[in-house]
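Enquirer:
Numbering (my numbering), first residue to last: 631 to 1199.
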């Protein structure tokens, strides 16, 4: 029997939670459903899949998969690389819309990160998602044996520490659906983020853990996901006393047993949760944000019309418009009416209504009377693999396009002390070319890449890096005063050009790459033999293309880094 004494929930699960096939609404948009299926299969494949593999995984006709891929590529959500489809950081704007509307990561991630630093253990935030739990924030410790879960990953409730805490709020119907899912998928193949269950357990064990969680208001995971992994979890409750999210401290049995995790770390975890609950109570109520009305009333329609004209039948307008509905939500726009969705997207009410009906059927949207909200399932659209994207991975396709257009080598580098380190590079095939590989280091003061990064530092940060300079060629600027003036000009101009200072005959030009805060975190450049282009040609031909490439990298970085950390190397 289900533990009927547990506190009931007022929320109705999304219709697709049932194990049997859900009835498709008459007004559902079939191309939108197919497009979301392709995105989900791509996500489960780790973000990259051949089009033929997608055909098999989705059961769709190859021509349909090709059209969906072409449409997603036009939207910037997928990159077509030969016969492969690759998810791009731009797709994360869908998950960002959900996380921004939820607000919990922005309000609580600082305390989660601080707890991870204090305990030197991984800390995560999770929300309930039907009969599973889905991560919305990860503060992971870097170790040989480190946590591999990502933002957006879905885990079965019964194999986690947060699961029984969320289950204390399940209804009898929720428990029935959970049992049906367990019976249909005893090895958890429907949860790609966890290894298959080798020894399925009875329902009674999880029911007992749920009763204990309700009595204690905390829960443990003693190697339920895989051997060696242990976790302790405590719920964060909102003003009304309901569980807003669950905070977990995760460790390995080489560092803690489940009992020592409870005895030594649980008190500190509970103190952090109390502080988080104060943050939630003290947070100002969300003020409705101004809806992002398109520049022209038919802005989206104009773009989709132009795309249809260019790509013909390969572009699926209803898919593009349906996915755009998700981006109507965000901070200050957690709940929207049909009219507000139509206003934010520029779609006709009838079109927006059909998209919302489809998204509700698929579980990405929940209806509450006349308003709609996004659900955690939106994170299943590419967020897990993309949340671990690095800056070199973001930059690589843009550098390849730049090198292909200008036929010279393009690179990305970061500042490493008083040196630059190359982290991504696309070289061109020439008899005489610049021989540099990823990982190569050069003195920052004598390179265009180094100068645009040094130029962004404060005087106190920069001065120690400009001592003991020595000439690498007769042209190398080594006088600290002259070099400081050169850096000041680079900061004002937004680029640096170095001609023969690192090596005779080597000419390069670089521009900075900035993160969401405007801080320079890297730089991109093109390097060539001086016989290839004059200085004037570098400024007139290369610089505009280089700046545009940096802008595209920054655009992807802003999307990818809104709720996830993007390593720069």
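Built from N, CA and C at the ideal position, the CB exists for glycine as well.
Kindly list the residues whose CB is nearer than 7 Å to the CB of residue 617, restricted to its own chain and excluding five residues on each side of it in sequence; keep chain order.
Expert: Any question about residue 617 goes unanswered here, given that the chain covers just 631 to 1199.
Enquirer: Name, in chain order, the residues that DSSP records as bridge partners for residue 1072.
Expert: DSSP, once it has assigned bridges, lists 1050 as partnering residue 1072.
Enquirer: Using the Cβ count rule (16 or more neighbours within 10 Å means buried), how would you classify residue 1035?
Expert: exposed
Enquirer: Should residue 996 and residue 988 be called a contact, given that it needs their Cβ atoms to be closer than 7 Å?
Expert: no
Enquirer: CB-CB under 6 Å to residue 786, same chain, minus the five flanking residues each way: which ones, in chain order?
Expert: 762, 818, 821
Enquirer: Under a three-way DSSP split, which group does residue 1136 fall into?
Expert: Strand.
Enquirer: How far does the beta strand (DSSP E) with residue 909 in it reach, from first residue to last?
Expert: Segment 896–912 is the alpha helix (DSSP H) holding residue 909; no beta strand (DSSP E) there.
Enquirer: What ranges does the beta strand (DSSP E) occupy inside the region 1006–1057, keeping only unbroken runs of at least 3 residues that lie completely in it?
Expert: Whole beta strand (DSSP E) segments, 3+ residues: 1039–1046, 1049–1056.
Enquirer: Using the beta-carbon count (16 or more within 10 Å), is residue 1100 buried or exposed?
Expert: With a 10 Å radius around the Cβ and a threshold of 16 neighbouring Cβ atoms, residue 1100 comes out exposed.
Enquirer: Among the candidates 1151, 1031, 836, whose CA atom is the shortest distance from the CA of residue 1057?
Expert: 1031
Enquirer: According to the neighbour-count rule (16 or more other Cβ atoms, all chains shown, within 10 Å of its Cβ), is residue 677 buried or exposed?
Expert: Classification for residue 677: buried.
Enquirer: For residue 882, report the span of its alpha helix (DSSP H) as first-last.
Expert: Segment 873–882 is the beta strand (DSSP E) holding residue 882; no alpha helix (DSSP H) there.
Enquirer: Alpha carbon to alpha carbon, what distance is there between residue 867 and residue 846?
Expert: For residue 846 and residue 867, the distance between alpha carbons rounds to 14 Å.
Enquirer: Find out if the Cβ-Cβ distance for the pair residue 1151, residue 1145 is shorter than 7 Å.
Expert: Yes, the Cβ-Cβ distance between residue 1151 and residue 1145 is below 7 Å.
Enquirer: Roughly how many whole angstroms lie between the Cα atoms of residue 815 and residue 692?
Expert: One C-alpha to the other measures close to 29 Å.
Enquirer: Please check the pair residue 1190 and residue 719, which I expect to be a contact at CB under 8 Å, by giving their CB distance rounded to whole angstroms.
Expert: 4 Å
Enquirer: I'd like to confirm the pairing. Which residues does DSSP put opposite residue 763 in its beta bridges?
Expert: 758, 785
Enquirer: Using the C-alpha atoms, what's the distance from residue 791 back to residue 863?
Expert: 6 Å
Enquirer: Give the straight-line distance between the Cα atoms of residue 708 and residue 756, rounded to the nearest whole angstrom.
Expert: Near 27 Å, if we compare the C-alpha coordinates of residue 756 and residue 708.
Enquirer: I'd like the list of long-range same chain contacts for residue 695, defined as Cβ closer than 6 Å, with 5 residues on each side in sequence excluded.
Expert: Excluding sequence neighbours, residue 695 sits near 681, 684, 685.
Enquirer: From residue 854 to residue 1171, what does the alpha carbon distance come to, in whole angstroms?
Expert: 59 Å
Enquirer: Quick one: grab the DSSP three-state call for residue 714.
Expert: strand
Enquirer: Can you give the Cα-Cα distance for residue 966 and residue 663, rounded to whole angstroms?
Expert: 21 Å
Enquirer: Leaving out the 5 sequence neighbours to the left and right, which residues in its chain are closer than 8 Å to residue 943 when beta-carbon positions are compared?
Expert: 697
Enquirer: Within 8 Å, do at least three Cβ pairs link the region 726–736 to the region 951–966?
Expert: yes
Enquirer: Within 6 Å: the Cβ of residue 1182 and any heavy atom of the ligand NAP?
Expert: With respect to small molecules bound, the structure shown includes none, and the ligand NAP cannot be examined in it.
Enquirer: With DSSP as the reference, please indicate the residues paired to residue 1216 in a beta bridge.
Expert: Past the boundaries of the shown model lies residue 1216; the chain is included only from 631 to 1199, so the question cannot be answered.
Enquirer: For the 8 Å Cβ check, are there 3 or more pairs between the region 1157–1169 and the region 1093–1110?
Expert: No: fewer than three Cβ pairs fall under 8 Å.
Enquirer: Could you give the DSSP three-state label for residue 774: helix, strand or coil?
Expert: Note on residue 774: pLDDT 48, under 50, position unreliable in the model; no value is reported.
Enquirer: To the nearest angstrom, report how far apart residue 1194 and residue 1105 are at their CA atoms.
Expert: Here the C-alpha atom of residue 1194 lies approximately 43 Å from the C-alpha atom of residue 1105.
Enquirer: Going by DSSP, what residue range makes up the beta strand (DSSP E) through residue 1151?
Expert: 1150–1159
Enquirer: Measure the alpha-carbon distance for residue 705 versus residue 984 and round it to whole angstroms.
Expert: 20 Å
Enquirer: In the DSSP assignment, the beta strand (DSSP E) including residue 735 goes from what residue to what residue?
Expert: Segment 734–749 is the alpha helix (DSSP H) holding residue 735; no beta strand (DSSP E) there.
Enquirer: So, at 7 Å on beta carbons, what are the nonlocal neighbours of residue 975 in its own chain, with the 5 sequence-adjacent residues on each side left out?
Expert: 930, 954, 955, 958, 982
Enquirer: Bridge partners for residue 865 per DSSP, in chain order?
Expert: 876
Enquirer: Within the same chain, show all residues whose beta-carbon is closer than 8 Å to that of residue 903, passing over the 5 residues directly before and after it, in chain order.
Expert: 864, 865, 866, 877
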